[in-house]
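S.K.: These protein sequence lines are chains X and G, in that order. Mapping the first sequence onto our numbering, position 431 (from 1) lands on 431, and the numbers just tick up by one. Mapping the second sequence onto our numbering, position 211 (from 1) lands on 1211, and the numbers just tick up by one. Got a structure for you, questions after.
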Amino acid sequence: MSDRLTLKDHFRESRLVNDRLIFSAILAGILFAIILARLAILQVVDHEHFKTLSHNNRVGIEPLPPQRGLIYDRNGVVLAENIPTFSLELTPEKVDSLDETLTSLVKLFNLSSEEVAEITKKIRQQRGFRQVVIRKNLTEKEVALFSVNQHSLTGVDVVARLIRHYPHGALFAHTIGYVGRLNERDQKSVDGREYKGTLQIGKTGVEKEYEKLLHGQVGYRQVETNVQGRVVRELTREPSHSGQELYLHLDINLQRVASEVLADYNGAIVALEVKTGGILAMVSKPDFNPNSFVSGISSKEYDLLRDSVDRPLFDRSIRGHYPPASTLKPFIALAGLERGVTRSESKTFCPGWYKLPGHEHRYRCWKTHGHGIVGLKQSLAQSCDVYFYDLANSLGIDQMHGFLDIFGFGRRTGVDVPSESRGLSPSREWKREAKNQVWYPGETLISGIGQGFNQTTPVQLAQATAMLAMRGVYMKPRVVKASRNHNADELTLVPIETGESLPVVNKKHWESVIDSMVEVTKGPRGTARALGKKLPFDVAGKTGTAQVFGIKQNQKYDVEMLEKKLQDHALFIGFAPADNPEFVVVVVAENGGSGSKVAAPMARKMIEQYFGLVASAL
Amino acid sequence: MRYNSSGYKSTPERWSLTLALRAIHIDALLLFGLLVLLGVGLMILFSAGDQNISLVIRQLIRVGAAFLVLIILANIHPDRMRDLAYWIYALGLLLLIAVLVVGDEGKGAQRWLNLGIVRFQPSELMKIAVPLLVAAYIAERPLPPSLFRIAVCLIMILIPSLLISKQPDLGTSLLIAISGLIVIFLSGVSRRFIVGIILTATSALPVLWYVMHDYQKQRVLTFLNPESDPLGAGYHIIQSKIAIGSGGLFGRGWLEGTQSNLAFLPERSTDFIFSVIGEEFGLFGVGMMLLLYLSIAGRGLYIAGQAQSSFARLLAGSISLTFLVGVIVNVGMVTGLLPVVGVPLPLVSYGGTSMVTLLASFGILMSIHTHRRMMES
């Protein structure tokens, strides 16, 4: 009976379990259907969405930075180039033992503990596949040292990069300027797209002014990256285009002479090609090595440059403010003639001082005992102050300012080097606005000899001198002559810009002023008579000695007694040949003491170089 | 070889192979399904494992070892297994406790027991021991079981589940509990009772939350909103969905999946291998995979239905259904339907012990099917 019962139970049990099995199978089927539906949603309905996400996951865009355009002088000499530098870099994820590698690197390259601290900090901050720079600008010896020990330094590589290099160092430091690390402020001022992958940007000089041309056009490549962001392969490539090459008016030989003759004087020399306004030489002293800035100057070195009392970073040629002193006199003389205030034949008596009618104050001539009776020619040649006090008094400040304004005094020349200063040509309006004071007649006299409020920059003096040489035709001073596409054959000339010319009232007035300037370098009593000796052409010039330090009424100026810093600035302006001008030169030697003794000989050297006259043959 | 007009091998030879297999207690259909699945699995593993052939070879060796276990188990009579159920269970419990005391740690979890030559996960033994014991115990008396027996069964399930969740291995713990519960369900407990259990379980959820590890809680939170932590815990699910979704209808092709080959997809040779299938073979491919799983489980369920004792019926049913649950949980997990609980894709994911356990359980299925006393003979 129990057997029968079991059998019956067994049958019942089978049915019971099988019912449940069928139920479970159906339930499992439903769950599988749900899963299949889910998969269909992901793979069919939302397919495009996920395809995009997958694409974005793996495809990255990498910039290919362009090569910066080279800069040449007028002879084709390279002034700014791109050279490969080698840096020692470490890829943390490729290194087996970081500690061991660092220890051997310290031994090989004498890394300081600060350097090691910096490196370990970077390693911690960055992702493992990103290189960490161990040392920049490796020497050949260091590269060799690495090669020999390479086997024990897995994960360490020497990486070559192109960086800007100025082969002539300090010679063009101010005019060409330098490139430096592209910082956040630069990022805001440029098209971020164009600067992807670019590390450097023009910071000063031509490098800054012509940044757009020099930079070039960035290229891109599409790459497939893996989850670590490492490039697996390249998909497409849009190559970059190198920046334009620049050809400058500057002549390296003339620039060298300018730098040599200025020697240890602080100051500036500017030389122009009269017919084009091209700047042949532009030197500011003291200078500095622009290469220091290229790959990041150390703060110690920078502080030294910044805090030096001589201010080597300051570009005196376009920013230095100097009283033009007697170099302004030719312009004042021309103003007097053209405005009909005086005539070429008029004479003035110089007793060594000048008094305004009704005033007791004596305005002194530099020659204590006076020049006696002098005309225009003698006054310019000997730089008589009294003649010009009288002339200035007759002209009045308004006419004087108006005339000098057309010559560009008190205005930026617009030279293609950034951060130019405007100088100062004083006027009644200026004094009212700046100082809230009325103009005093005495100030007119002081302005007439280029002292007082007058401030000019060397490039401004050069441009005005060129305008005088060109008999009133204005040319904008230019450093860059032409540009060329990387692989193009032809140069694109930078157009010569002329501006508002000075209306000539009487050509004779100009010739008489220029003749007087020739007298300066040629006449027996000319302040720069040494300059004109044994030259195949006439040089029109004018010396200037600018007071830095005021002398009281009855004091004497004693060179020996004065500290170097308080000595007068020595100036010279001139052009040659006087009758058919080609070349303008302006010299400013700070604390040089005397325009005729210090500045004029420098100008002579520049003229010799430009016209190819060898000094010994003369 | 002779072929008939329709291209099939002529009947006598096919049958002779089947009969030869039957002689060593191997079920030909189940074996065929398993071999197809394992073959496909190795192919996918090659792609998922950065085309590293040595990984595939290691997996192949495991498959070989697992088949040895399968054949051995297939040749043990189900009645012997039933007799040994208590001992196996006791051994499993002992090893579980040993793991908690002296086990090796791997990935922050203590699951492994180092036996010198092989490292062994005792929790895997429990995957077989629990349904085996519950089925043996519950089938001792007529079905449906009494309340007392159900209570005993629940305790039998609960102890190893809790021990394993302590390791912590939520996925395995869950699968073991489910395999035991399936036996209870199949044994015919009343529907009212089942509803009661579900309600109790639901009310126990807060308690479960309380005892869960932080990383487990994180997984649940991430499951609820994966985008909240795209680079942390949500990263797995997001990348997995991208992989599957970008596969489209027919996929990018074998070895062409960028999500997996460029390593965007984490755990791609283990828990997330299904995403690789989705990316490289598309909806068509994953559909075929699911069909293959259903076929194998279907054969298992058929074997359960044909079994000659309640014990065998319950055990075979539990093995087949647990196998399906593994697939559902894994695929649900990689498609973002379920939280990431760390359940591998059965027979495809890279890993040793689960491969052995799974094939062992199929060995049991074959044993059940091939040890039937043939009525007609």
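Glycine residues also receive a C-beta, built at the ideal position from the N, C-alpha and C atoms. Just so you know, these numbers come straight off a predicted model, no measurement behind them.
(1) Quick check on the burial criterion: 16 or more other C-beta atoms within 10 angstroms. Buried or exposed for I1178 of chain G?
(2) Per DSSP, what kind of secondary structure is T1335 of chain G in: helix, strand or coil?
(3) Given this structure, state the Cα-to-Cα distance separating Q1059 of chain G from S1123 of chain G, to the nearest angstrom.
(4) If you compare alpha carbons, which of X:S113, X:Q150, X:L102 and X:A144 is closest to V132 of chain X?
(5) Establish whether the CB of V1183 of chain G and some CB of chain X are separated by less than 8 angstroms.
(6) Output yes if chain X places a C-beta closer than 8 angstroms to the C-beta of L1095 of chain G; else output no.
(7) Which residues of chain X have a Cβ atom closer than 7 angstroms to the Cβ of L1283 of chain G, listed in chain order?
(8) Which residues mark the beginning and the end of the beta strand (DSSP E) in which I1238 of chain G is found?
(9) Cutting at 6 angstroms between CB atoms, please list the residues of its own chain near L39 of chain X, excluding the five before and the five after it.
(10) Kindly list the residues whose CB is nearer than 6 angstroms to the CB of V513 of chain X, restricted to its own chain and excluding five residues on each side of it in sequence; keep chain order.
(11) Applying the 10 Å Cβ sphere with the 16-neighbour rule, what's the burial state of K285 of chain X?
(12) Who does K355 of chain X pair with in a DSSP beta bridge?
(13) In the DSSP output, which residue or residues are listed as bridge partners for L571 of chain X?
(14) Enumerated in chain order, which unbroken segments of the beta strand (DSSP E) with a length of 3 residues or greater are wholly contained in the stretch 58–140 of chain X?
(15) Are G450 of chain X and K476 of chain X touching if we call contact CB-CB under 8 angstroms?
(16) Flag this pair as yes or no: are the beta carbons of I1296 of chain G and L1037 of chain G separated by less than 8 angstroms?
(17) Taking Y265 of chain X as the reference, give the member of X:A603, X:V179 and X:G592 with the closest Cα.
(18) Would you mind reading off the limits of the beta strand (DSSP E) that contains A392 of chain X?
(19) How should A37 of chain X be labelled, buried or exposed, when 16 other C-beta atoms within 10 angstroms of its C-beta is the threshold for buried?
(20) Excluding five sequence neighbours on each side, which residues of the same chain lie with their C-beta closer than 7 angstroms to the C-beta of E211 of chain X?
(21) Is G277 of chain X helix, strand or coil by DSSP?
(22) Run through chain G and tell me which residues come within less than 7 angstroms of N18 of chain X, C-beta to C-beta.
(23) Hey, is H321 of chain X's beta-carbon within less than 8 angstroms of any beta-carbon in chain G?
(24) Is any beta-carbon of chain X found at less than 8 angstroms from that of T1258 of chain G?
(25) Is it buried or exposed, T52 of chain X, if we count other Cβ atoms within 10 angstroms and call 16 or more buried?
(26) Roughly how many angstroms separate the alpha carbons of E234 of chain X and G60 of chain X, rounded to a whole number?
(27) Would C365 of chain X and H371 of chain X qualify as a contact pair, given that the criterion is a beta-carbon distance under 8 angstroms?
(28) If F1185 of chain G sits next to R20 of chain X, beta carbons under 8 angstroms apart, how far is it from one beta carbon to the other, in whole angstroms?
(29) Go through its chain and collect everything with a Cβ distance to L31 of chain X's Cβ below 6 angstroms, but skip five positions before and after it.
(30) Just to confirm, does M1333 of chain G get its C-beta within under 7 angstroms of one of the non-hydrogen atoms of the ligand MN?
(31) Distance check for V283 of chain X and D315 of chain X, CA to CA, integer angstroms please.
(32) Could you have a look at F1120 of chain G and say whether DSSP puts it in helix, strand or coil?
(33) Just to confirm the assignment: which complete alpha helix (DSSP H) runs, minimum length 4, are found wholly within the stretch 430–515 of chain X?
(34) When you compare the stretch 1300–1313 of chain G with the stretch 1062–1082 of chain G, are there three or more beta-carbon pairs, one atom per stretch, that lie closer than 8 angstroms?
(35) Assign G340 of chain X to one of two classes, buried (16 or more other C-beta atoms within 10 Å of its C-beta) or exposed (fewer than that).
(36) Out of X:L138, X:T139, X:G277 and X:L98, which one is the CA nearest neighbour of K121 of chain X?
M.R.: If we stick to the structure as given:
(1) By the neighbour-count rule (16 or more Cβ atoms within 10 Å), I1178 of chain G is buried.
(2) Coil at T1335 of chain G, not helix or strand.
(3) Q1059 of chain G and S1123 of chain G: Cα-Cα distance of roughly 20 angstroms.
(4) Closest by C-alpha distance to V132 of chain X, out of X:S113, X:Q150, X:L102 and X:A144, is X:L102.
(5) Taking Cβ atoms only, chain X never reaches closer than 8 angstroms to V1183 of chain G, which makes this a no.
(6) Taking CB atoms only, L1095 of chain G has no neighbour in chain X less than 8 angstroms away.
(7) For L1283 of chain G, the residues of chain X that pass the 7 angstroms Cβ criterion are L39, A40, Q43 and V44, in the order they occur in the chain.
(8) Counting along the chain, I1238 of chain G falls outside any beta strand (DSSP E), though it belongs to the alpha helix (DSSP H) covering Y1235 to G1247.
(9) Contacts found: none.
(10) Excluding its 5 nearest sequence neighbours in each direction, V513 of chain X has C-beta neighbours in its own chain below 6 angstroms: P330, A333 and L334, listed in chain order.
(11) When all chains shown are included, K285 of chain X counts as buried.
(12) DSSP, once it has assigned bridges, lists X:R362 as partnering K355 of chain X.
(13) X:G544 and X:V588, per the DSSP bridge assignment.
(14) Listed in chain order, the complete beta strand (DSSP E) runs (minimum 3 residues) inside the stretch 58–140 of chain X are 59–64, 78–90 and 132–135.
(15) No.
(16) Result yes, Cβ atoms of I1296 of chain G and L1037 of chain G sit closer than 8 angstroms.
(17) With distances taken between Cα atoms, Y265 of chain X lies closest to X:G592.
(18) In the DSSP assignment, A392 of chain X falls outside any beta strand (DSSP E) and within the unbroken alpha helix (DSSP H) covering D385 to I406.
(19) Around the C-beta of A37 of chain X, fewer than 16 other C-beta atoms lie within 10 Å, and the residue is accordingly described as exposed.
(20) Within the same chain, E211 of chain X has close Cβ partners I201 and G202.
(21) Coil, per DSSP.
(22) Per Cβ cutoff of 7 angstroms: G1305.
(23) Chain G, which has no Cβ nearer than 8 angstroms to the Cβ of H321 of chain X, makes this no.
(24) The beta-carbon of T1258 of chain G is placed less than 8 angstroms from the nearest beta-carbon of chain X.
(25) Around the beta carbon of T52 of chain X, fewer than 16 other beta carbons lie within 10 angstroms, which makes this residue exposed.
(26) Annotation: E234 of chain X to G60 of chain X spans about 10 angstroms, alpha carbon to alpha carbon.
(27) Cβ distance < 8 angstroms, so C365 of chain X and H371 of chain X count as in contact.
(28) Taking 8 angstroms as the upper bound for CB-CB distance, F1185 of chain G and R20 of chain X are in contact here, some 6 angstroms apart.
(29) Apart from the 5 residues on each side of it in sequence, L31 of chain X has no Cβ closer than 6 angstroms to any other Cβ in its chain.
(30) With respect to small molecules bound, the structure shown includes none, and the ligand MN cannot be examined in it.
(31) D315 of chain X and V283 of chain X: Cα-Cα distance of roughly 8 angstroms.
(32) Looking at F1120 of chain G - three-state DSSP - the assignment turns out to be strand.
(33) Here the runs fully enclosed are 441–448 and 458–469.
(34) Result yes; three or more Cβ-Cβ pairs closer than 8 angstroms.
(35) Exposure of G340 of chain X is indicated by the presence of fewer than 16 other C-beta atoms within 10 angstroms of its C-beta.
(36) The residue from X:L138, X:T139, X:G277 and X:L98 with its alpha-carbon nearest to that of K121 of chain X is X:L98.
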